[in-house]
Structure formats: structure tokens, C-alpha cells
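Note sheet for the following structure.
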């Protein structure tokens with residue numbers, strides 16, 4: 003693992019998620035650029051100190067030579083390091099599982115795409131929400147055509163944790179996300195807007211073709227946007243909206259997707275992830291529950307517990323790592339397209355960075371932009 | 003009452019709402035342009051047939067001369083008649099309670115404004131949702147400053163009943179709403195978008211100053227828009243979004259308003275009208291219930307039942323009629339500003355028509371417009 | 003109307019409900035035993051003062067002689083007067099619509115049953131909750147057999163308004179309900195337990211045959227029970243539970259019925275009355291919405307508004323009055339069984355009083371009792 | 003681990019939960035009485051085959067001699083083996099983490115209590131629901147006295163998975179639970195009733211002193227009860243009710259606890275575990291969210307993720323294992339009372355078995371029983 007040092011939120015989540023299904027074990031890491039902090043993190047992860055590296059370059063170099071070498075690299079650093087670390091890993095022959103957004107800029111994403119293609123190695127992107135069983139169910143319902151032609155999509159991702167300028171008070175998560183040098187040019191749009199965008203395309207199977215976005219910096223003195231509203235046009239002619247905010251005071255992690263078709267609609271909420279609401283023109287509303295015997299095979303495949311036993315964020319995350327483990331196995335056995343199509347990969351990486359890029363341009367030009 | 007003939011939805015609602023609190027009685031009407039249908043409606047309303055008129059002109063003329071004359075006129079016709087009927091009523095000396103939108107066009111709204119001012123008579127507009135107790139509570143919370151400066155507003159009004167082209171099958175409600183000559187130029191935006199807009203301004207006390215709207219006609223062959231997405235800017239600098247749709251398959255009457263301030267936020271949903279959710283940065287979420295002893299005086303004043311006994315759409319509607327009855331009383335006693343500020347009136351009428359006008363222009367020009 | 007004087011909660015509700023559908027008008031009443039208070043109430047109801055009587059006896063005597071006589075009598079007094087007023091009305095030839103519970107004691111209920119039979123007049127009992135559209139739907143689903151054999155019923159009715167001894171502070175509603183002489187021997191069990199019991203039998207079409215009840219008086223000094231828990235056995239062998247409390251601090255009017263069959267189950271909550279949840283063994287949960295095109299004819303018949311427009315307590319109450327108006331019409335035209343079976347009548351009256359009687363005996367004997 | 007062979011549900015859950023926080027690793031097991039099946043399970047758990055034992059006796063004997071011996075034994079067998087395995091483990095010097103109910107009978111629980119005391123070793127019982135953050139919050143609210151004296155408790159645990167006689171079709175979970183020889187005498191009451199009972203005592207800090215229970219066997223031919231309704235009396239005089247069913251068709255894992263005090267009440271639902279509803283007499287209802295900054299220290303200590311990121315059943319389970327790991331550490335360092343009081347232990351074990359015993363007796367005698 004690269005990143006995930008003391009104070010990080012997402013490092014421990016990656017570890018718990020990666021290990022949950024017993025397929026993967028965290029054994030080495032460059033957790034921090036400070037050797038002491040990297041060793042401290044290794045201790046907290048119960049990793050042998052000799053595999054706590056002070057730089058990702060060192061980790062790649064040393065691990066390549068070990069008989070019990072790592073099998074892949076998980077990238078959980080601030081965004082500006084995503085590309086260099088991925089490049090080093092791929093060039094050292096290690097597959098990559100990266101946190102999102104894939105890179106800091108769209109240009110970097112195109113570079114990454116080339117690196118991944120050239121390396122021929124598995125690449126996964128942790129759009130966590132794609133791992134929820136009911137998101138898989140929603141995706142299968144859209145693909146099945148049961149809703150009829152999709153006409154309208156409404157996705158929102160509302161958080162409140164940046165309502166105050168906490169990046170000025172030493173909160174580590176807020177600090178790097180508010181620093182363009184570490185984060186890239188998209189603030190809220192890059193941190194969570196991209197999740198909303200991915201979810202929309204992942205579930206519907208459609209692509210955004212045009213957008214009119216308004217990015218605001220609500221908290222005074224903040225260097226990046228913390229609120230976004232966008233009108234979307236999809237490649238089948240449907241319309242849509244995307245709201246993302248980190249200054250929606252009182253909200254926790256309010257990701258919600260609604261998809262409206264000719265005959266019915268879907269509604270999924272991350273804060274109530276084990277239920278999927280499906281409404282119809284002339285039938286009762288349905289609530290589909292995780293582990294329901296009536297769910298699609300793809301949805302049932304990613305639940306671990308009987309109905310009524312809630313699975314959450316870590317379990318969804320672990321689904322992506324499980325599928326990445328499948329990809330590693332397939333790759334080792336010589337499969338040319340090893341990454342399961344349910345696991346977000348390099349295509350999602352490029353789409354997401356394109357989205358951030360287009361949103362910023364649309365907002366600056368105050369006009370519609372094409373994708 | 004003018005309008006509300008056989009097949010109408012809103013006529014009987016006006017009657018039930020007007021009479022609920024025992025202050026008003028429906029005694030006469032020009033329910034239809036067909037004398038037979040007008041008499042049939044009168045019978046269904048249990049009104050004496052001699053007061054079932056075949057035209058509003060006749061009603062005004064005859065009622066003016068009766069000793070037991072009507073006290074005011076309720077307008078529940080298709081939009082294109084709102085102005086002519088209001089004009090006739092005001093000129094005959096009758097106060098007016100009108101369904102929304104106030105007129106068919108913005109130009110007509112300005113004409114109406116002048117008529118109301120010149121007549122010096124009470125004018126009310128049935129933005130029903132303003133009559134709910136928890137909407138009143140939300141309004142008072144915004145006014146109190148407890149949320150801090152308002153930063154973001156998200157309003158949506160999603161219905162699914164026009165998902166199919168039912169206007170071509172004789173459904174009366176759909177037919178006139180899809181006919182520009184009867185309805186005016188705003189379809190969904192004029193029918194329900196204007197409710198969402200009003201609710202936003204009513205609750206926050208702010209005004210929209212700029213908008214970027216996208217109006218779509220989703221159902222093929224339909225003459226007017228049936229879906230709208232808009233990005234808003236408010237007069238205190240806050241941003242906002244407005245979604246309205248009548249092709250959101252599976253939705254009933256999904257009006258919802260969220261208001262985000264520096265310190266907390268509000269969330270009210272018309273389909274669950276007796277609860278108001280208030281979230282805070284560092285305190286538990288609150289649910290305020292209708293008839294709670296802790297509600298503001300303004301909210302308590304408009305509930306009729308103890309806590310836990312649901313009040314609904316008719317009761318909210320009746321609140322507006324009750325306040326209109328208060329306005330009539332005040333006016334008769336010579337009060338110069340008789341209309342309570344909680345009752346939507348001519349200002350709301352003009353704002354709403356301005357909104358429709360601006361939305362259409364923005365959508366046509368594909369750009370931001372000022373108000 | 004008899005009862006409903008100043009300070010009453012249920013009097014104005016009866017009036018609003020009776021008049022909502024335009025079939026009934028409140029024209030006379032013995033609203034209070036004090037002539038002044040009766041006249042004051044009449045004024046608030048906008049009734050001619052000459053028809054504000056100071057006693058029900060006077061009302062019956064005078065109204066019998068008027069050409070524009072009342073058509074029936076609504077009884078909204080404390081329980082101890084239900085029988086004497088009903089008796090006077092029936093003997094004077096007036097049909098009766100009575101608030102619940104039907105009488106103060108079971109013995110009185112038997113007497114009332116005889117009076118109703120002898121008089122051959124329509125008798126209705128305002129178990130309000132039977133008027134909700136989704137309760138009708140639930141009843142039809144049970145009758146249809148779609149749930150399979152019913153195995154288990156869980157009904158609860160939780161309120162918190164008597165958590166403090168407010169009967170000692172002049173709160174009129176609490177005062178008479180806590181006085182055995184005015185209320186009869188069943189406190190919470192008689193005030194709301196009987197509603198829960200009725201709902202259970204009304205929806206399932208089954209009958210309770212045995213019960214083990216525990217009645218508690220939680221608030222010190224209170225003369226009657228304020229909390230009840232009971233285990234039930236039904237006539238098809240099913241088990242059940244009934245909870246009722248008026249000291250459930252924080253609850254409003256929490257009536258909820260769940261019915262479990264071999265194949266699925268129902269769940270209806272009075273505080274969210276426009277939805278009915280239906281769960282199945284191997285299918286998605288359903289939410290049935292008021293006014294859904296898929297509802298049974300009986301459910302659709304008692305909605306007034308399109309989907310998504312909430313109807314509430316007053317509207318449900320009005321359904322009972324509408325059906326009572328139908329009963330009056332049928333009776334006047336000579337129909338021998340005029341009361342629609344959907345309207346609770348004398349059978350429900352006797353069952354309810356039997357329930358209260360059995361609950362008290364079971365609790366006193368600390369053992370199971372048969373019905 | 004003893005138990006958890008192929009087809010088991012709870013074995014893999016124990017492993018995921020035990021390992022989630024990186025404190026514990028599953029390294030050995032007697033997963034099945036069949037050597038082949040035990041080895042197959044070991045392979046699925048990625049455990050070295052030499053530590054896959056064919057009997058718990060063999061495991062204790064061998065592991066005692068290994069330098070890298072196991073640190074404790076987790077018992078996940080059918081109930082009838084809980085005592086013998088615990089006895090063997092304790093006698094071999096291994097602390098015990100046991101699934102519930104603690105034993106097959108109350109007499110066995112008393113024997114176990116003596117064994118634990120004599121051994122002086124940590125003993126934990128996986129009443130999973132005690133591991134949820136909001137259950138901890140509820141417990142602290144009760145202890146704080148903020149609700150006033152507790153007056154009423156309503157706990158329910160409703161499942162539907164045994165609605166059909168699936169024990170006759172080879173479903174392994176259902177088969178042993180329906181066999182008195184493997185399960186003990188309490189069916190539904192022993193499988194989930196005991197969870198409900200524990201949650202009630204755990205959260206309120208009160209004890210049940212008397213009970214009137216009705217146990218039913220709803221599915222024909224089933225050997226044990228599958229449905230239970232009980233009226234409770236607590237040691238502070240409060241009343242209560244407990245519903246448990248495994249034939250509540252359509253329910254998943256519906257554990258819910260409501261606690262009513264003089265001033266307010268709590269409501270927690272396992273299927274929505276990250277929220278706790280708190281209602282008050284004269285204040286708005288509150289929803290407390292997992293990871294809220296306002297939660298008690300005890301509740302905050304057991305969340306791993308920021309607000310809005312759902313944690314579920316595995317995470318709650320892992321809290322108990324984490325506290326058991328703390329207990330092991332404390333015990334190894336010579337602490338005499340090593341088990342944290344938040345972790346259910348031998349006292350809960352005895353209480354739970356007493357409850358099952360009393361419920362069966364009450365139901366058989368059709369009368370109240372004392373504890």
C-alpha cells in the first residue's frame with residue numbers, strides 16, 4: 003500500500019476491505035514519506051517493520067526482489083501522487099488498485115490509460131459504491147430494459163463536513179483536499195462529484211455527452227470548489243441532474259441515485275444501502291432487499307449475509323477487492339482481459355477525470371460543454 | 003366559483019378546502035361554459051340551480067344584484083381564463099382567490115397586478131403547500147436565523163402522471179395542460195415548477211436573481227415541456243437547484259424542499275407533510291411533528307388536530323382559504339392591507355409568472371438569465 | 003350532535019368529517035349541559051342559536067316536531083352518556099352515529115344492541131381508522147386469501163399524552179377519561195385499546211377468542227389503567243399481541259397493525275396512513291399507495307385525491323360519515339339492512355365492549371380468559 | 003474455532019468479525035466431525051491443513067503443545083455442544099468466546115458458570131447486537147437518567163425464514179435448530195428470543211423479574227416453538243412485552259427495542275442500525291447517527307467510519323471480538339476482572355438461559371412465572 007499513514011481515513015478502510023474475504027493480506031507499504039511515520043503505520047497495521055518503506059520507489063525496488071513479493075499495489079495517497087505511483091508500480095510489473103479520482107488531471111488520466119495498456123496489467127479503481135449489492139441490482143434492472151427507455155437521471159451526493167473551514171485547523175483530510183497542488187483542480191467535484199458521476203454511468207450503462215455545471219466555493223478563503231450543481235445530457239437523449247456538495251450542513255454521506263424510465267424508476271441511497279426502491283406506473287412500489295431470493299445473480303453474488311443483516315461501506319469496498327483478487331488470478335493464468343466488467347477500471351478512470359475537467363470548464367465559461 | 007365542472011379535479015378540492023373551517027360556503031358558480039354541465043356540477047355541489055351560471059360574465063352580473071350576493075370569486079379554470087375572470091371579478095367589486103399559476107403569461111401577470119392595485123381588493127393565490135404547518139415552521143426557522151446564512155437550496159417536484167401521452171386519450175386534466183392556448187407557454191414548469199419556485203421563496207424569504215434552466219419535452223408529440231432542471235442563484239449569493247418533472251414514472255406528488263445554512267438544514271416533503279427534518283452540524287437530527295408544543299406560533303395556528311393525527315392536502319388548502327376569509331373580514335372592516343403576509347397574493351403571482359417566463363427564455367437561449 | 007362543547011377535541015372533528023363530502027350538515031346540538039356553553043358552541047359551529055339545546059332530551063323533543071328536523075344524532079359525549087343518549091335518540095326515531103367506545107360497560111352494550119334491533123334504525127360507530135383507504139385495502143387483501151392462512155397478528159396503539167397526571171390540571175380530555183364515573187372502567191384499554199382491537203378484527207375478519215392481558219396504572223394516583231399488554235388467541239388458531247399505552251412518552255398517535263400469513267404479511271401505520279406495506283416470502287416488499295390504480299375497488303372508493311396528495315384523519319373520519327349517509331338513504335328507501343358492512347356498527351360496538359370487559363377481568367385474575 | 007464447517011452461516015461471520023480489526027487471526031479449528039469436511043473448511047478459511055482437527059478434543063490436546071498455540075477458542079457449534087466444548091477449552095486453559103445461547107439448558111448454564119469461575123479465564127458471549135454503536139448510545143442514555151424512570155419496554159425480534167418447514171428439506175441451519183437434541187428445548191425463544199431479552203436488559207440495565215409467555219409451534223410437524231409472545235415485569239416495576247417469531251412471513255431480521263421513560267423514549271432497529279430515535283414529551287424527536295460528534299464516548303469508541311458510511315452486522319460482531327481481544331490482553335497482564343462490562347459474558351449467559359427456561363415453563367403452565 004502506498005499512503006494510509008497515521009491520520010488517514012481511507013488507509014485502514016482499504017486494509018479491512020481488502021482482507022475481509024480472506025483473499026488478500028496487507029504485507030508491505032510506503033505509508034508515509036517520513037520513515038518513522040511509515041513504521042508507526044506498519045505497526046498499527048501489524049506489518050513487519052522491514053516492509054515499512056519510506057518511499058514508494060524504495061518499496062517497488064525492494065519488493066521486486068523478494069521471493070514473497072507483494073502481488074499488487076494499492077494507492078491511497080492524495081491525488082497528485084496517483085499517477086507517479088501507478089506508473090512506478092506498473093513499470094515494476096505490479097498491478098494497481100487505486101483510490102479515486104484516478105489522477106489529478108485529465109491529461110494525467112490519458113497518460114495513465116496508455117501506461118495501463120502498455121503494461122497489460124490489471125488496474126482497478128475503488129468507486130466503492132459500485133460494490134453494493136443493490137447497486138448491482140439497479141444496474142441489472144437498467145440493462146434488462148424493464149424500466150423502458152431511460153428518460154431522466156437525478157444523482158446527488160451531499161456531505162456537510164466541510165461546512166466550516168476545517169482545512170485551516172489541521173484536519174488532515176480537509177487539508178490536502180483543499181490544496182490544489184495535492185488534490186488537483188477539482189474540489190468537491192473531484193472528491194465526490196466524480197463518485198456520483200461514476201454511479202450514474204455505472205448503473206444506467208449510459209454516457210454523459212454534455213453538461214452545464216456551476217461550481218461554487220461557498221466557504222470563504224477556500225481554494226477549491228465545495229459545491230456543484232450540473233444539468234446533464236446523456237447519449238440516449240435523456241436529461242439529468244447532478245448535485246454534489248460538501249457544505250450541505252447536517253448531511254453525512256448522502257449519495258443517492260434515481261433513474262426514471264418510461265415504465266418505472268429506481269431509487270438507491272447509500273445511507274440505506276440494503277434497500278432498492280423501484281416504482282412503477284401502475285403497480286405498487288417495490289423495495290428490494292439485499293439477499294432477497296428474487297435478486298439478480300450478480301446482486302446475490304456480492305452479499306455475504308442472510309436478509310436483514312445489514313452490510314455496509316466496508317463490505318461494499320471489499321467486493322471491489324474481491325473482484326480485483328479475481329482479476330489477479332485471471333491475469334496470472336494468462337487471461338487477456340482479466341478485469342471483471344463489474345469492477346471499475348481504467349475506462350472509468352478516464353471518464354471520471356474527463357467529467358471533472360468538463361465540469362470545471364463549463365462552470366468557468368458559464369455554458370454548456372460537450373464531452 | 004368559476005370552473006370546476008364535471009371531470010375537474012381541483013374544483014371539489016376548492017370546495018372542501020374552502021368550507022372545512024366553516025367560514026366559507028360555496029353558493030354559486032359558472033362551472034362550465036355549457037349550461038347543462040354547469041347545472042350538473044351545481045347539483046353535485048348541492049348548490050341551487052338558479053346560481054349555476056353558464057358564464058362568468060353572467061355570474062358577475064347577476065350576483066352583483068342579489069341581496070345574498072357572493073362575497074368573492076374563486077377561479078379554478080384553465081390558466082388562459084385566469085386573467086379575464088379575475089378582471090371581471092375585480093371590476094365587479096369581488097375579491098379573488100385564484101388557482102395557480104396566476105395567469106397564462108408574464109405580461110398578463112403585470113396586467114393583473116395593476117388590476118388588483120387599482121381595485122384595492124383582496125387577492126389570494128392557492129399555492130397550497132404554503133398552508134402546511136411544517137412549511138410555516140420551516141419559514142419561521144429560516145427567518146429566525148437559526149440555520150445561519152442560507153447557502154444552498156434544493157427544491158424538487160416530481161410527478162409521473164404524464165409519463166404517457168394521456169392528453170391524447172381524453173384525460174381532461176392532461177388535455178388542457180398540454181394545450182398552449184389554454185395553458186400558456188409553460189407546461190411542467192408552469193403547472194408544478196411554479197409551486198416549487200414559490201415554496202423556495204416562501205420558506206427562505208430569499209429571491210431568485212438568476213437561473214439556468216433546461217426544459218425538455220420528453221413524451222413525443224407533446225406540445226409543451228414536461229421536465230425541467232434549473233440551476234439557481236439567490237439574492238444573498240446562495241446557489242440552488244430546481245427539478246420539476248411530470249414524466250418521473252412512479253412518482254406521485256413529490257414536492258420536496260431542502261435548505262442548507264451555515265449551521266444546519268431543513269428538509270420538508272409534501273408526501274410526508276406532518277414532519278419537518280432539521281439537521282445540524284454537531285447535534286442530533288431533529289424531526290419536528292405537526293402539533294408539537296415546541297413549534298412556532300405560526301405553525302401551531304394552522305393545525306387542527308393533536309399530534310399524530312395526520313392532516314393532509316385538503317387541510318393545507320383550507321388554511322389558505324381560512325386566511326383569505328380573514329382577509330375578507332379585514333377588508334370589510336376597512337383594513338388597508340388586509341391580506342395576511344402568510345397567504346400568497348399578488349406579489350407571489352407576479353414572481354411566479356416571472357419565473358416561468360425566465361425559465362423558458364433560459365432554456366431557449368441555453369444560457370443564464372437574470373430575473 | 004350531543005356533546006362537543008367548548009374545549010372538546012372530537013366535536014369539531016365530527017363536524018368537519020360529517021360535512022366534508024357535502025352530504026351532511028350540522029344543524030342542531032346539545033353541546034353542553036350549560037345553556038350558555040351550548041349556545042357558545044353553536045355559535046362557533048355557526049348554528050342557529052335556537053337549535054342549541056341545553057339537554058339531549060330537549061333536543062330530541064323539539065327536533066321531532068320541526069319540519070326541518072335533524073336526520074340523525076351524533077353522540078360525542080363522555081362514555082357514560084353514550085347509552086342514555088342513544089336510547090333517547092333511537093326511541094325518538096333518530097338513527098345514531100356514536101363515538102367509541104359504544105357504551106361505558108359491556109352490560110350497557112348488550113342493552114344498546116337490543117335497542118338498536120328493536121328500533122330497526124341505522125347505528126354507526128366511529129372507529130375512525132376503518133375509514134382509511136389503505137385499511138380497506140388491507141381488509142380486502144386478508145379476505146382474498148393472498149396471504150394464506152393468517153398465523154399471527156400484532157397490533158399496537160401507543161400514545162404519550164397521559165405521561166404526566168394532566169387530568170389533575172384541568173385538561174378536559176384527560177379529566178373525564180380518568181374518571182370512572184364518566185368514562186367507565188377501562189382507561190387506556192377503553193379509549194384506544196378498543197380501537198386497536200377493532201382494527202385487528204376489522205382487517206383480518208377473524209375474532210379474538212381468548213386473551214391474557216396485563217393492565218397497568220403507571221402514573222401514580224391515576225384512577226384507571228393507562229397501559230395494556232395482551233396476548234391474544236384468534237378463532238382460526240392464530241396468535242396475537244396487543245399493546246396499548248397512553249404513557250409511551252414521545253409517541254403521538256401510534257396505531258399500527260401487522261398481519262402475518264403463511265405467504266406474506268401486511269403492515270399499516272396510522273401516522274403514515276397513505277401507504278400499506280406488504281411483504282412476501284420470496285418477492286420484493288410492496289408499498290401500496292393511496293389512490294394507486296392497482297388498489298381494490300373498495301380502497302379506491304374512499305380516496306378523494308390523486309396519488310401523492312395526502313389524506314388524513316379527517317378524511318378517514320369523513321368516509322364513515324359518508325357511509326352513514328348512504329345508510330340513511332338506504333334506510334329511508336326501505337332497505338332492511340341499510341348499514342354498509344364496511345361501516346362499523348352495533349356488532350363492532352358489542353365486540354369492543356366485550357373486549358374491554360375481558361381485558362379487565364384477565365388482568366385482575368392474572369390469567370387467560372375466554373371471550 | 004469449533005464448528006463452522008461447510009454450509010454453516012455463522013462460522014465465516016465469526017472469522018470476518020474476529021479478524022476485522024487486525025487483533026485476531028483464525029489459525030486452527032475443529033470445523034466438523036468429519037476429517038474431510040474439517041479440512042475442506044480449513045482450506046476455505048485458508049488455514050494450514052495440519053491445524054484442521056477432526057474433533058475439539060484433538061484440537062485442545064494438540065494446540066496446548068504447540069509453541070504457536072491458539073490464544074482462545076471460539077465456539078460456533080449447535081447449542082448442545084456449547085457446554086462440552088467450553089468445558090474442554092477452559093480445562094485446557096483456553097479462554098472462550100461462545101455463540102449464543104450459552105448452553106442447551108439452564109442447568110448447563112449453571113454448570114458453565116461454575117467452570118468459568120473456577121478456571122478464572124475470560125468468557126465472552128456473542129450477543130452481536132450489543133456491538134452496535136447506537137445500542138451503546140441507548141445504553142448510556144438509559145444509564146444517564148435522561149429518560150427519567152423507565153416505565154415500559156417493548157422488544158421484538160421478527161424473522162420469516164422458518165415460515166415453511168424447511169428443516170425437512172435439508173436446510174442445515176433450520177435442521178439443527180429444529181432438533182431438540184442438538185438445539186435444546188427452546189426453538190425460536192432460544193434462537194432469537196434470547197437476543198431480544200439480552201438487548202432489553204443490556205440497554206436498560208434492568209432485570210426481568212416475572213413473565214407470562216405464550217410459545218407456539220405454528221408450522222405443523224415442527225418439534226420446537228417458532229413463535230413467542232410474552233408480557234414482562236421488570237425489577238423497577240416497569241412493564242414490558244417481548245415478541246419473537248421465525249414465522250413472521252416477509253420479515254428479515256427485525257430486532258427492535260423501544261424503551262419508554264417518564265420524559266422520553268428510545269427506539270432502535272437492527273435493520274437500520276446506524277440511527278437511534280429518541281423522542282421527548284415536549285421537544286422534537288431526535289435521530290442520533292452513528293459517528294455523530296454528540297454521541298457518548300462509549301458509542302464513538304465502537305465506530306470505525308465517518309458519519310453516513312454505514313457499518314453493519316459484521317462490524318458490530320467485530321466490536322465484541324475487539325473487546326474480547328482487550329480482555330485477553332488484560333488477562334495476560336494479570337488483570338483479575340479482565341472482561342469489559344460492555345462485552346456480554348457469563349452473567350448474560352446465565353440470564354439468557356434462565357429466560358428460555360422460564361418462558362417454556364410459563365407457556366406450559368399458561369401462567370405468570372417468577373425469575
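Chains as they are written, first to last, in our numbering: chain A, 3 to 373; chain B, 3 to 373; chain C, 3 to 373; chain D, 3 to 373.
Quick reminder that beta carbons are idealized off the backbone N, C-alpha and C, glycines included.
Small disclaimer: the values here were computed from a predicted structure and weren't measured.
Query, Result
"For residue 233(C), which beta-bridge partners are listed by DSSP?", "214(C), 243(C)"
"If we ignore side chains and look at the alpha-carbon of each, how far apart do residue 374(C) and residue 289(C) end up?", "Nothing can be reported for residue 374(C), as the shown portion of chain C is limited to 3 through 373."
"Among 234(D), 127(D), 285(D), which has the Cα closest to the Cα of residue 293(B)?", "285(D)"
"What are the boundary residues of the beta strand (DSSP E) that residue 262(B) is part of?", "256-263"
"Does residue 143(D) have its Cβ less than 8 Å from a Cβ in chain B?", "no"
"Look up residue 266(A) in the DSSP assignment and give the residues it is bridged to.", "282(A)"
"What are the boundary residues of the beta strand (DSSP E) that residue 154(B) is part of?", "152-160"
"So if I threshold CB-CB distances at 8 Å, which residues from the stretch 297-316 of chain B count as touching chain D?", "none"
"Quick one: which chain D residues come within Cβ less than 7 Å of residue 159(C)?", "Within chain D, no residue comes near residue 159(C); the closest Cβ sits about 12 Å away, beyond 7 Å."
"What's the C-alpha gap between residue 137(C) and residue 339(D)?", "55 Å"
"Round the Cβ separation of residue 30(A) and residue 61(A) to the nearest angstrom and send it over; I've been treating them as touching at under 8 Å.", "6 Å"
"Does the Cβ of residue 48(A) have 16 or more other Cβ atoms within 10 Å, making it buried, or fewer, making it exposed?", "exposed"
"Please confirm if residue 81(B) has its CB atom under 8 Å from at least one CB of chain C.", "no"
"Which value, in whole angstroms, describes the spacing of the CA atoms of residue 130(A) and residue 300(A)?", "16 Å"
"Hey, residue 265(D) and residue 282(D): beta-carbon distance below 8 Å or not?", "yes"
"Given this structure, state the Cα-to-Cα distance separating residue 355(A) from residue 371(B), to the nearest angstrom.", "30 Å"
"If the cut is a Cβ gap below 7 Å, which residues of chain C does residue 2(A) touch?", "Residue 2(A) lies beyond the range of chain A shown here (3 to 373); nothing can be said about it."
"Where do the N-terminal and C-terminal ends of the beta strand (DSSP E) with residue 99(C) fall, by residue?", "98-100"
"Locate the alpha helix (DSSP H) running through residue 200(D), then write down its first and last residues.", "196-206"
"What residues in the stretch 358-373 of chain D have a beta carbon less than 9 Å from any beta carbon of chain C?", "368, 369, 370"
"Just the Cα atoms here: how many angstroms apart are residue 304(D) and residue 10(A)?", "18 Å"
"To be precise: take each residue of the stretch 46-64 of chain B, compare its Cβ to all Cβ atoms of chain D, and keep it if any distance is under 7 Å. Which residues remain?", "none"
"Residues of chain C with CB closer than 7 Å to the CB of residue 193(D), please, in chain order.", "Residues of chain C passing the Cβ test: none, with the nearest at roughly 17 Å."
"Rounded to whole angstroms, what is the Cα-Cα separation between residue 359(A) and residue 243(B)?", "21 Å"
"With 7 Å as the limit, tell me which residues of the stretch 218-248 of chain A have their beta carbon closer than that to any beta carbon of chain B; keep them in chain order.", "218, 220, 229, 231, 233, 241, 243, 245, 247"
"Taking residue 361(D) as part of the alpha helix (DSSP H), name the residues at either end of that continuous run.", "348-367"
"Closer than 7 Å by beta-carbon distance: list the chain C residues that pair up with residue 290(A), in chain order.", "286"
"From the beta carbon of residue 255(B), is the nearest beta carbon of chain A less than 8 Å away?", "no"
"Let me confirm a value: residue 335(C) is counted as buried when at least 16 other C-beta atoms fall within 10 Å, else exposed. Which label applies?", "exposed"
"Starting from residue 253(D), trace the alpha helix (DSSP H) both ways and give me its first and last residue.", "First-last for residue 253(D): undefined, no H or E at that position."
"Does any residue of chain D have a CB that is nearer than 8 Å to the CB of residue 21(A)?", "yes"
"Measuring CA to CA, which of 135(B), 241(B), 232(B) is closest to residue 322(B)?", "135(B)"
"Can you check which of these residues, 353(C), 307(C), 349(C), 5(C), is closest to residue 174(C) by C-alpha distance?", "5(C)"
"Answer yes or no: do residue 92(C) and residue 158(C) have a C-beta to C-beta separation smaller than 8 Å?", "no"
"Should residue 81(D) and residue 186(D) be called a contact, given that it needs their Cβ atoms to be closer than 8 Å?", "yes"
"Using C-beta distances below 7 Å, list every residue in its chain close to residue 190(C), excluding the 5 sequence neighbours before and after it, in chain order.", "227, 228, 229, 230, 246, 247, 248"
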